[in-house]
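Engineer:
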């Protein structure tokens, strides 16, 4: 059996008997583990006797591109023949994935080289070998690269590590996987995290960043009563509101006495509405800041804004942008926005912003209504669903927000991860809507729920998601998903949900 | 596999020139331990019957066959034209992209007429599949008994390889029956053994060629080791383009010849040696080895092979021999 530990994208840290996956098997003798031994027409891989292909199977492999299944090992031969056709190479890997699922071990013989090893693991190949190495030195290099990969997966920087590999084939495969296989890759990216290092050009197309843009433009709904949008630039400090520049924006907004919906313009996320600034990866990303924007970033930014503002309508859009974002000017004109572009050290610009704000009408709406609206905007992003928050009591304590239904907690907004946490009634409400739900056998879980106990899981569940656990429609628990729905359903092993609350039938 | 072979074959556009032979050239041939002149004539016929079923994985001779029937009259024209070029070479080889003794390709009357046309030669070599050798048919050729040598492509003495690598369409037993008959009736037999049909690794192909040669040696006066060359519109060519086939290394040819040299009857004249589509090494030492293989084929002196200088790419070859079977494919590493 394969003991699932954790993922980074499609790559999977796991134990298989005494072996750690991902792994390399060696034909050059550089250590005493993971040796490929050939014995007549069999080969020993991970202590398993694997039969080499017969002539008939070789016909199928070489004419029909067949993928072999031996025991628990899915063998994808011949990838080396597709090195010059990376789209087909990646198609073959994803075809194997589609045919053989997520539980088995994927082995691609005779393809690994020092610089393509990380991307092959990234694409979900658990097992590689050193058959392309005619020398021991080459095998040792692979061995060392493998150690770096394992560490990167363990320490959650595998994606940026793969991005950093200076190899055209590696980059080609990464870009194709981002463009053509987003919907598969995205499933295996957590919705929480402590740090997102977007140091490379390829970072723009990370599945979790693309998911952000997709959710912001497709799921997200602006706070209902906000009628004025105020576009402002991002800051290096996260969350933005703790930065000097954003404290300054806050102060001039307060000074103006007007109410605006702050929308932060940034790369690589495109747009971050103020209420989502605590949410991954808005709170957690870091990029090289130069004041110069790549064409792809500009394009992404404008496209995101176009989609966002065609869905979310404001009475008026204001903007303050520094000089490096001046390329947005034609688009702001199209939006009929009023804007100031320039440096804030220039007093005149501050005054012009105040004038812009001053031109807005006063809105007299209770601030708790704005708060409820903001929570539902977060909910639309997080759950693709909104809650009935009318007549519920809302309390704010610094950045934390509590919602009560009578005396019972209904929702809690955690600034730690920018997520809404569910309680009995909000969970029951979402359960009716079939959002983020997991069905288990009839038992009361303590601490954790393991994948083995899961009967079903809705396909919107990602690692880090707030989830609802039920049995036959009866709410049992709420908690945090530790894996995606795919892994819950297919791995059959490993910790799947960290339970926060359990609800007894009373 | 068979579907693929047929599919590739269907793309072939053949020329319709029933009265023109395919080609004619002169080359040296080992004969009675000497280097002798020979004339090679390739006749155009409808071609091997097996093409019309599917064909062998490495055989592109279909490209040289005629799309319409070739009449006796047409054949006669081909032979008469060839006869004009003939200037008394001791050996004449008459090939027809099929079986000389298949009456659907060459009528029995024409078979005799062709042999008679070149009766001045000391030896006439013709090729056939074993299906066409039988006692009754041999009786018709008794007068040529000491003149003709019958060449049969056994390719491999392993039925599984015949079926799944070559798609040869006959079994080892079919060859054996024909070979035993020829031996009994005192007809000289030349056997072709293939080096590296598809789906065999370099190492397995060496092993198979050696055991096939050893098997065929009991019936054959001479054995020709034929390294596969990549011919147009064949399955081998398809696999090569896909990256799953590499023509054999010259080192492999040398290896087989060395290990069967004791038989003193194995020769090899690779087609297109040193080229990407023929048996080749890495380019650095090809010429020297090609020359040594030819010398050996005439002299049967193993020292010629033993004295080949080591060359950089030999370690690449050794490495491939060692690991290719582990790749779960037969990838043509260069």
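Chains as they are written, first to last, in this note's numbering: chain A, 1 to 506; chain B, 1 to 334. Where is the CB? At the ideal position from N, CA and C, for every residue including glycine. Computed from a predicted structure; not experimentally measured.
Between the region 182 to 202 of chain B and chain A, which residues of the former have a C-beta closer than 9 Å to a C-beta of the latter?
Structural biologist: So the list reads 198, 199, 200, given in the order they occur along the chain.
Engineer: Tell me whether residue 230(B) sits in a helix, a strand or coil according to DSSP, three-state version.
Structural biologist: Residue 230(B) falls in the coil class under three-state DSSP.
Engineer: DSSP three-state call for residue 481(A): helix, strand or coil?
Structural biologist: If DSSP states are grouped into helix, strand and coil, residue 481(A) belongs with the strands.
Engineer: Using a beta-carbon distance cut-off of less than 8 Å, what residues from the region 47 to 71 of chain B approach chain A?
Structural biologist: Listed in sequence order: no entries.
Engineer: Hey, quick one: how far does the beta strand (DSSP E) through residue 260(A) stretch, first residue to last?
Structural biologist: Taken as a continuous stretch (DSSP letters only), residue 260(A) belongs to no beta strand (DSSP E), as it is neither H nor E.
Engineer: Measuring only between beta-carbons, confirm whether residue 36(A) sits less than 8 Å from chain B.
Structural biologist: Residue 36(A) counts as touching chain B.
Engineer: Look at the alpha carbon of residue 506(A) and the alpha carbon of residue 302(A), and state the distance between them as a whole number of angstroms.
Structural biologist: The pLDDT assigned to residue 506(A) is 48, lower than 50, so where the model puts this residue is not dependable; a value taken from the coordinates is nonetheless given after this. Answer to the nearest angstrom: the Cα atoms are 52 Å apart.
Engineer: Which residues of the region 244 to 265 of chain B have a Cβ closer than 7 Å to any Cβ of chain A? Give them in chain order.
Structural biologist: Those would be 244, in chain order.
Engineer: Provide the residue(s) that pair with residue 288(B) in DSSP beta bridges, ordered along the chain.
Structural biologist: DSSP, once it has assigned bridges, lists no residue as partnering residue 288(B).
Engineer: Rounded to the nearest angstrom, how far is the Cβ of residue 116(A) from that of residue 169(A), given a contact under 8 Å?
Structural biologist: Yes, they are in contact, since the Cβ atoms of residue 116(A) and residue 169(A) sit about 6 Å apart, within 8 Å.
Engineer: Select from the region 63 to 93 of chain A all residues with a C-beta closer than 7 Å to any C-beta belonging to chain B, and list them in chain order.
Structural biologist: Correct list: 63, 68, 75, 77, 78, 80, 81.
Engineer: Is the CB of residue 234(B) under 8 Å away from at least one CB in chain A?
Structural biologist: So no, residue 234(B) is outside the interface.
Engineer: Would you mind telling me which residues of chain A sit closer than 9 Å to residue 159(B), beta carbon to beta carbon, in chain order?
Structural biologist: By Cβ distance, chain A contributes nothing, its closest Cβ being about 11 Å from residue 159(B), past 9 Å.
Engineer: Give the DSSP-derived three-state secondary structure of residue 90(B) in the structure shown.
Structural biologist: In the structure shown, residue 90(B) sits in coil (DSSP, three-state: anything other than H, G, I, E or B).
Engineer: Determine, using beta-carbon pairs with one atom in the region 485 to 503 of chain A and one in the region 440 to 449 of chain A, whether at least three such pairs fall under 8 Å.
Structural biologist: Taking 8 Å as the limit for Cβ pairs, the verdict is that the region 440 to 449 of chain A does touch the region 485 to 503 of chain A.
Engineer: To which residues of the same chain is residue 9(B) closer than 8 Å at the C-beta, ignoring the five residues directly before and after it?
Structural biologist: Around residue 9(B): 51, 54, 55, 62, 233.
Engineer: Going by the CB atoms, is the gap between residue 118(A) and residue 145(A) shorter than 8 Å?
Structural biologist: Going by C-beta atoms, residue 145(A) is nearer than 8 Å to residue 118(A).
Engineer: For a cutoff of 8 Å on Cβ pairs, would you count residue 176(B) as touching chain A?
Structural biologist: Not one chain A Cβ lies under 8 Å of residue 176(B).
Engineer: Kindly indicate if chain B contains any beta-carbon less than 8 Å away from that of residue 110(A).
Structural biologist: It does: the Cβ of residue 110(A) has a partner Cβ on chain B nearer than 8 Å.
Engineer: Starting from residue 117(A), trace the alpha helix (DSSP H) both ways and give me its first and last residue.
Structural biologist: Element bounds for residue 117(A): 117 to 122.
Engineer: Look at the Cβ atom of residue 210(A), then the Cβ atom of residue 188(A), and state whether they are nearer than 8 Å.
Structural biologist: No, Cβ-Cβ distance for residue 210(A) and residue 188(A) is not below 8 Å.
Engineer: What distance in whole Å lies between the Cβ atoms of residue 117(B) and residue 97(B), which are believed to be in contact at a cut-off of 8 Å?
Structural biologist: So it is not a contact: roughly 19 Å between Cβ atoms.
Engineer: Starting from residue 168(A), follow the alpha helix (DSSP H) in both directions and report where the run begins and ends.
Structural biologist: Residues 168 to 180.
Engineer: Taking just the CA atoms, how far does residue 479(A) sit from residue 487(A)?
Structural biologist: So the alpha carbons of these two residues sit roughly 17 Å apart.
Engineer: Whose C-alpha, out of 391(A), 398(A), 203(A), 419(A), is nearest the C-alpha of residue 407(A)?
Structural biologist: With distances taken between Cα atoms, residue 407(A) lies closest to 391(A).
Engineer: Return the first residue and the last residue of the alpha helix (DSSP H) that residue 29(B) is part of.
Structural biologist: No alpha helix (DSSP H) holds residue 29(B); the beta strand (DSSP E) holding it covers 23 to 31.
Engineer: Using beta carbons (cut-off 8 Å, strictly below), is residue 506(A) in contact with chain B?
Structural biologist: Reliability fails at residue 506(A), whose pLDDT of 48 lies under 50, so the model's placement of it is uncertain and the value that follows must be treated cautiously. It does not; no Cβ of chain B falls within 8 Å.
Engineer: Please confirm whether residue 486(A) has its beta-carbon closer than 8 Å to some beta-carbon of chain B.
Structural biologist: Chain B contact via Cβ: absent.
Engineer: When the cut-off is 8 Å and only beta carbons count, does residue 328(B) lie next to chain A?
Structural biologist: Cβ-Cβ to chain A under 8 Å: yes for residue 328(B).
Engineer: Using DSSP bridges, identify the partner residues of residue 19(A).
Structural biologist: DSSP output for residue 19(A) lists 16(A) as bridge partner(s).
Engineer: Strictly under 8 Å for the Cβ-Cβ distance: is residue 529(A) near chain B by that measure?
Structural biologist: Residue 529(A) cannot be examined here, being either before or after the span of chain A that is shown, 1 to 506.
Engineer: Indicate the three-state DSSP secondary structure (helix, strand or coil) for residue 65(A) in the structure shown.
Structural biologist: Coil, per DSSP.
Engineer: Looking at the strands, I want to know which residues DSSP matches up with residue 498(A).
Structural biologist: Paired residue(s): 448(A), 480(A).
Engineer: What three-state label does DSSP hand residue 330(A) in the structure shown?
Structural biologist: Three-state DSSP puts residue 330(A) in a helix.
Engineer: What do you reckon, are the CB atoms on residue 267(B) and residue 297(B) nearer than 8 Å?
Structural biologist: Against a cut-off of 8 Å, the Cβ pair of residue 297(B) and residue 267(B) comes out as a contact.
Engineer: Just to confirm, are residue 418(A) and residue 504(A) a CB contact at a threshold of 8 Å?
Structural biologist: Going by C-beta atoms, residue 418(A) is not nearer than 8 Å to residue 504(A).
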